[in-house]
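This note's numbering runs 28 ahead of the 1-based position in the sequence shown. Even for Gly, the Cβ is constructed at its ideal location relative to N, Cα and C.
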Amino acid sequence: MGELELYGDRENKVEFVKTIFQRRYLPSLGLYGILLGTSLRSRPGFVLGISIIYIPLLLLLGIRFYRMVKE
(Lines of atoms letter the chains of each structure in order from A and count residues from 1; the text may use other names and numbers.)
(Lines give C-alpha, C1' and ligand atoms only; values in the text may rest on other atoms or scores of the structure.)
Protein backbone atom coordinates (compact mmCIF):
# COMPACT_ATOMS: atom_id res chain seq x y z
CA MET A 1 0.00 0.00 0.00
CA GLY A 2 2.27 2.76 -1.19
CA GLU A 3 5.35 1.40 0.58
CA LEU A 4 8.63 1.10 -1.25
CA GLU A 5 9.64 -2.53 -1.60
CA LEU A 6 13.40 -2.96 -1.13
CA TYR A 7 13.25 -6.73 -1.34
CA GLY A 8 12.03 -9.18 -3.92
CA ASP A 9 10.50 -12.03 -1.95
CA ARG A 10 9.52 -13.03 1.55
CA GLU A 11 12.87 -14.59 2.48
CA ASN A 12 14.76 -11.43 1.53
CA LYS A 13 12.25 -9.32 3.43
CA VAL A 14 12.62 -11.37 6.61
CA GLU A 15 16.42 -11.38 6.30
CA PHE A 16 16.41 -7.60 5.78
CA VAL A 17 14.24 -7.02 8.85
CA LYS A 18 16.34 -9.38 10.99
CA THR A 19 19.52 -7.58 9.94
CA ILE A 20 18.08 -4.19 10.87
CA PHE A 21 16.78 -5.60 14.15
CA GLN A 22 20.14 -7.12 15.10
CA ARG A 23 22.32 -4.20 14.00
CA ARG A 24 20.20 -1.27 15.16
CA TYR A 25 17.42 -2.18 17.57
CA LEU A 26 19.20 -4.57 19.94
CA PRO A 27 22.35 -2.40 20.34
CA SER A 28 20.15 0.63 20.93
CA LEU A 29 18.20 -1.24 23.59
CA GLY A 30 21.44 -2.42 25.22
CA LEU A 31 22.92 1.07 25.22
CA TYR A 32 19.75 2.41 26.82
CA GLY A 33 19.99 -0.22 29.55
CA ILE A 34 23.63 0.60 30.26
CA LEU A 35 22.97 4.34 30.39
CA LEU A 36 19.95 3.78 32.59
CA GLY A 37 21.99 1.75 35.05
CA THR A 38 24.88 4.19 35.22
CA SER A 39 22.88 7.42 35.38
CA LEU A 40 19.91 6.49 37.54
CA ARG A 41 21.40 7.46 40.89
CA SER A 42 23.22 10.59 39.80
CA ARG A 43 20.61 12.11 37.45
CA PRO A 44 17.12 10.68 37.95
CA GLY A 45 15.43 13.60 36.15
CA PHE A 46 17.56 13.05 33.06
CA VAL A 47 16.82 9.32 33.07
CA LEU A 48 13.09 9.98 33.43
CA GLY A 49 13.12 12.48 30.56
CA ILE A 50 15.01 10.13 28.25
CA SER A 51 12.78 7.20 29.25
CA ILE A 52 9.59 9.12 28.48
CA ILE A 53 10.83 9.61 24.92
CA TYR A 54 12.85 6.46 24.34
CA ILE A 55 10.66 3.66 25.69
CA PRO A 56 7.63 4.42 23.45
CA LEU A 57 9.98 4.78 20.47
CA LEU A 58 11.58 1.39 21.13
CA LEU A 59 8.17 -0.22 21.61
CA LEU A 60 6.88 1.25 18.36
CA LEU A 61 9.93 0.07 16.43
CA GLY A 62 9.71 -3.39 17.97
CA ILE A 63 6.04 -3.71 17.05
CA ARG A 64 6.70 -2.56 13.49
CA PHE A 65 9.57 -5.03 13.07
CA TYR A 66 7.36 -7.80 14.43
CA ARG A 67 4.55 -6.93 12.00
CA MET A 68 6.95 -6.83 9.05
CA VAL A 69 8.23 -10.31 9.86
CA LYS A 70 4.72 -11.69 10.34
CA GLU A 71 3.41 -10.33 6.98
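Between the C-alpha atoms of TYR60 and GLU99 there is a straight-line separation of about 29 Å. Per DSSP, ARG52 lies in no alpha helix (DSSP H) segment and is marked neither H nor E. The closest CA to that of GLY77, considering only LEU88, GLY90, LEU63 and SER56, is found on LEU63.
Annotation for LEU76: the continuous alpha helix (DSSP H) segment containing it runs 72–98.
Leaving aside the five residues that flank VAL42 on each side, the residues in its chain whose CB is nearer than 7 Å to its CB run, in chain order, VAL97. Here DSSP, grouped into helix, strand and coil, assigns ARG38 to helix.
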